[in-house]
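A.B. asks: Per this note's numbering, the sequence shown starts with residue 2, numbered consecutively.
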Amino acid sequence: MQEFEKLLPQKFYHIYNRGNNKENIFIEQRNYIYFLELWNKHVSPVAETYAYCLMKNHFHFLVRIHDEEIISGLLNTPVRVQNPDRGKNEEDAIIKRISKNFSNLFNAYTQAFNIAFKRTGKLFETPFERKHVNNENYFKQLVCYIHLNPQKHGFTDDFRVWEYSSYNSMLSEKPTKLKRESVMGWFNQKSEFISYHDSNYGDIEKINSLIENDY
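Following this line, the structure appears as structure tokens:
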């Protein structure tokens with residue numbers, strides 16, 4: 002049985018998942034919108050979002066899990082994060098809370114989806130995939146990989162026009178819950194962000210190694 006690493010405070014992760022048996026998880030426009038609403042409700046309290054892309058049968062997110070102080074505030078009994086000698090039980094409580102919030106997202110969306118489309122059973126593969134992002138180059142490549150994914154899988158001829166990704170939100174001046182300034186900081190400026198994506202536009206295969214079991 003494959004083991005999945007725990008989601009830990011202050012760490013960056015590539016979060017991705019697909020429909021059970023490769024089933025579509027987004028059918029109508031309202032599904033994409035509702036999923037993002039639930040993401041904000043359940044995941045935002047435990048993680049910051051840096052990039053995302055939703056496609057009809059799978060999705061990708063780049064997140065940073067919040068600091069322990071923030072997550073401990075969500076617990077019924079706040080963890081004594083200032084105590085360097087806190088017990089393993091307290092650390093486990095934080096880790097479990099992070100996992101629970103992701104679980105609540107998938108359960109809430111599945112319940113609504115099943116009612117809307119008169120289906121039963123699980124909608125997503127479990128457990129969801131997660132991969133630690135541990136260096137600057139990986140971060141930049143992953144942002145690009147996520148945004149180019151709709152083109153890679155043939156959902157669009159041009160990733161720039163895909164409605165359900167963070168690419169255009171990154172270029173917009175409108176308010177956003179995304180960590181736009183932080184992302185642009187990794188690319189130094191908006192022009193480099195654009196050129197980095199454009200340089201991979203016709204050769205997405207060279208960044209496919211970012212995901213072992215590509216959907």
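From the three backbone atoms N, C-alpha and C, an ideal C-beta is built for every residue, glycine too. Quantities reported herein were computed from a predicted structural model and do not represent experimental measurements.
What first and last residue would you give for the beta strand (DSSP E) that runs through N18?
C.D. replies: First-last of the beta strand (DSSP E) with N18: F13 to R19.
A.B. asks: Can you grab the Cα-Cα spacing for the pair I16 / N138, in whole Å?
C.D. replies: Answer to the nearest angstrom: the Cα atoms are 18 Å apart.
A.B. asks: Among G74, L106, S200 and F107, whose alpha-carbon lies nearest the alpha-carbon of E1?
C.D. replies: For residue 1 there is no data in the structure shown, the boundaries of the chain being 2 and 216.
A.B. asks: In the region 125-180, which residue ranges form an unbroken alpha helix (DSSP H) of at least 4 residues, counting only runs that do not cross its ends?
C.D. replies: Correct list: 137-153 and 168-172.
A.B. asks: Ignore the nearest five residues each way along the sequence and tell me which others in Y33's own chain have a CB closer than 6 Å to its CB.
C.D. replies: Excluding positions up to five away in sequence, the list reads F27, L55 and Y165.
A.B. asks: Using a threshold of 8 Å, state whether the C-beta atoms of V217 and N102 are closer than that.
C.D. replies: No answer is possible for residue 217: the residues shown for the chain start at 2 and end at 216.
A.B. asks: With H, G and I counted as helix, E and B as strand and the rest as coil, what does DSSP make of V184?
C.D. replies: Here V184 sits in helix by DSSP.
A.B. asks: Is the Cβ-Cβ distance between K191 and Y51 less than 8 Å?
C.D. replies: Not in contact: K191 and Y51 (Cβ atoms no closer than 8 Å).
A.B. asks: With 16 other CB atoms within 10 Å as the buried threshold, where does R131 fall?
C.D. replies: Result: buried.
A.B. asks: Could you say which of K175, H154 and L149 lies nearest to Y197 if we only look at CA atoms?
C.D. replies: For the residues K175, H154 and L149, the minimum Cα distance to Y197 belongs to L149.
A.B. asks: Counting along the chain, where does the alpha helix (DSSP H) carrying H198 start and finish?
C.D. replies: Note, H198: alpha helix (DSSP H), K191 to S200.
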